[in-house]
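Terminal number for the sequence shown in UniProt numbering: 722, no gaps in between.
Backbone N, C-alpha and C define an ideal beta-carbon position, used for all residues, glycine too.
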Amino acid sequence: MRGAFNQNVILREYNLFNDEYKAGVMNDPSLSIQIPYLPDELAGLQEIALNLWWSWNARARHLFRTIDPYLWKETVHNPIKLLRQLTQKDYERLLKNEDFLKEYHYVYALFKQYMQISAPPIGETIAYFCAEYGLHRSLPIYSGGLGFLAGDILKEASDMNLPMVGIGFMYPGGYVHQVIGSDGWQKGENETIEKEIAPIEKVIDKDGNQLIIQVPHITPAVYIAVWKVNVGRISLYLLDTDIEQNDPWDRMISYRLYTSDMHQRLRQQIVLGVGGHAVLENLGIDFSILHLNEGHPAFALFERLRFFMENQNLNFQESVQKVKQTSIFTTHTPLMAATDVYQFDMVGSYFLAFAQKLGIDLHDLLSFGIDPANPANGFNMTVLALKLCEYKNGVSKKHQKVASQIWQKILEAENSKIEAITNGVHLSTWLDGDLEKELDRTLGSEWCEFQDDPDIWFKVGDIDELFIWQMHMQNKYDMLNFIKEKCRKKWAGGTIDPMVLLAEGILLDPEVLTIGFARRMTEYKRPDLILYDLHKLEQIVNNSSRPVQIIFAGKAHPADIPGKQIIQKIFNVAKDPKFQGRIAFVEDYGEELAKYMVKGCDIWLNNPKLPLEACGTSGMKASINGVLHCSTLDGWWPEGYNGKNGWAFGTDPSDDAKDANELYDLLENEIVPLYYDQNEKGIPKGWTKMMKEAIKSVAPHFSARRMMKEYKNKFYERIAKG
């Protein structure tokens, strides 16, 4: 099955060294990445840079950093951009650096060894469909948690050598950067993907041109260009409608994430599901398992019906059963109202010819999207996935119960159930580098191979508390320096109000207990809960001997006016001098800021209204780095909290006044005293004990390795065995 991934000629081997290329003027349209001056002796740097394996391998990251530490920082850790900016003299300098060459050859050997492992643990290829993938900031095709989960799944599938292939969108329009005005109102600035410095390759057809195919069922015709991202051993194929073969309206289908226009959104989801399936067929990738991450790509299920009817001579009902038996649906939605629902005639207009071609009654086809609890509501994408996937899961044990209640009628009618596979995070991506080295020393260098075994983590208790605290304080300094550098660059622009700098964290102090709240800014997550009683908060924040500071970050959806109003409220509180610069809102929360915050904060605050948090992986990322989680008992935290690794508060059902007062009491009576109870060396021994407990208890149980083993054992292998 894996051999199918190599049937097309993908850009890998071309002559880097002719005179025209060395002059930096080569313009072959079939080439995605051009790196001038790169010598033969260092050709492996391009191969590594074009595979995101480097992003979760510490030695590979360090290798690129040693080329030019300043340029590495300025290129925002993008090795392709780094290599493209080097001059011929720079490469000549590297060739004379024996230490660099030794490390280069070692890292290249690690990469080749990693890529050569070829025996998959199961024999069925898994096609993983998702609307977004959070892999690295150099490829901005993600919005938030759903994307980073998908990215972690691909990375862990690569590490486990699962035979997986990914399908998603290119989104050439990138995403909208958050900009906060002096009045605190969120605005946006667009960033387009710079394809010449992104870790992507064109998929090439038999004629040597980029592969372009027509999407079935859309009239007039819509075409997609196909790109490939190397995620370790996994191939991720991205669909791009922003090509000259399409009309302007059609070019916009995949231009940017999650359009609010419902007609265009429907077309986007048809292209993702139907077009994605067509790409795999065109590439000759014969997948046996279809895994849908949320309902956006669920139209791929219709294409599977067609495929089985046309290629395996099954009738409609037999095809329905085959689709069900080989399909998986992971739902993240704790609210029925949060699903995508379309008018029946809109969906029918695209699938009428499809139904006629297969001899299916259109009403029978559309019935898969009818919610029996709300039959007149429209065609529901989540319902479609629930009905045509025998294997279904929520993303935490609590979410499984919530989702089962929401969709009870469908589950009863289908005689099926939603199982629980709690999300996990890819440890090598999110774990602090110094902590990773310390784990090598304490647990043994092979610990990562057994990372989901709780028994190997007991020795975390042996880690020296001085190391834990110094590591954490360094991460805290790094986080605040990053925030202040953002402020410095704004100030250098010459147009920023000094009060805005105050609100964005210029006065934050690394010695002060720091609470972080960073996630999507929307009402149900209650970002402003801690601001409920400003007089009480002022007393806590400005305690002369035991002060507290709070860092907020997160974006509101462009159409979420209440979310934007919450940001404005937080921002205006942050500007208020009575809080002495100890409350900050850092704009444009993304992967880079997230990596600083999940390592540099002291407390990770999460207080959604119950039961509206499906999982919430940011708290896992914080905990594995020793940042203590303080949360209402929603999402993953009921499974993760053990009374010694963080704090839990809140009522069920949620009550803002009670929950805020409970949080204040917790801060004043437990959290703040524990943090400031430091010995003569400045180490809070009780705090570091909890930090080690957080690492020990969260890392094995909420790793992507544990999550993917559950998918493998509960779903993939069961499907493979028939």
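Distance from the CA of V573 to the CA of Q46, rounded to the nearest whole angstrom, comes to 48 Å.
Excluding residues up to 5 positions away in sequence, T632, D659 lie with their Cβ nearer than 6 Å to the Cβ of G650 in the same chain.
Looking only at I671, F482, F129, G295, the smallest Cα-Cα distance to I603 is reached by I671.
DSSP, read as helix, strand or coil, puts E613 in coil.
Following the DSSP letters along the chain, one finds I141 in no alpha helix (DSSP H), marked with neither H nor E. Assigned with DSSP and collapsed to three states, A553 falls in strand.
The beta carbon of F100 is closer than 7 Å to those of T66, L94 in its chain, skipping five residues each way along the sequence.
The three-state reading of DSSP puts Y106 in helix, counting H, G and I together. G635 sits in coil when the DSSP states are folded into three classes, being neither helix nor strand.
Separation of V383 and F307 (C-alpha to C-alpha, rounded to the nearest whole angstrom) is 21 Å. With respect to K322, C389 sits apart: the two C-beta atoms are not nearer than 9 Å. Rounded to the nearest angstrom, the gap between the Cα atoms of E639 and K397 is 8 Å. In terms of Cβ geometry, F354 and L365 form a close pair [threshold 9 Å].
In this structure, Y37 sits near T87, with a CB-CB distance shorter than 9 Å.
Going by DSSP, E303 is part of the alpha helix (DSSP H) stretching over 300-311. Excluding sequence positions up to five before and after V279, its CB lies within less than 6 Å of the CB of V226, Y237, all in the same chain and listed in chain order. When the beta-carbon positions are compared, N161 and N51 stay at least 9 Å from each other. The straight-line gap separating the alpha-carbon atoms of M521 and D361 is approximately 44 Å. Residue pairing by DSSP places Q178 opposite G188 in a beta bridge. Under DSSP, H291 forms a beta bridge with Y128, I328.
The secondary-structure analysis by DSSP pairs H629 across a beta bridge with W604, G646. Bounds of any beta strand (DSSP E) do not take in I270; it lies within the alpha helix (DSSP H) bounded by 262-270. In the assembly as shown, Y171 is a buried residue. Its beta-carbon has 16 or more other beta-carbons within 10 Å. L507 is the residue among L507, N645, M597 whose C-alpha sits nearest the C-alpha of P577. The C-alpha of K392 lies about 10 Å from the C-alpha of H291.
About 26 Å separates the CB atoms of E662 and V586; that is not less than 8 Å, and the two are not in contact.
Under the Cβ criterion (8 Å, minimum of three pairs), the segment 270-285 does not count as touching the segment 700-709. Cβ contact annotation for M346 (same chain, cutoff 7 Å, sequence separation greater than five): H263, L266, in chain order.
Apart from the 5 residues on each side of it in sequence, E436 sits with its Cβ closer than 7 Å to the Cβ of A58 in its chain, given in chain order. Put simply, the segment 613-633 does not touch the segment 530-546. Fewer than three CB pairs are less than 8 Å apart.
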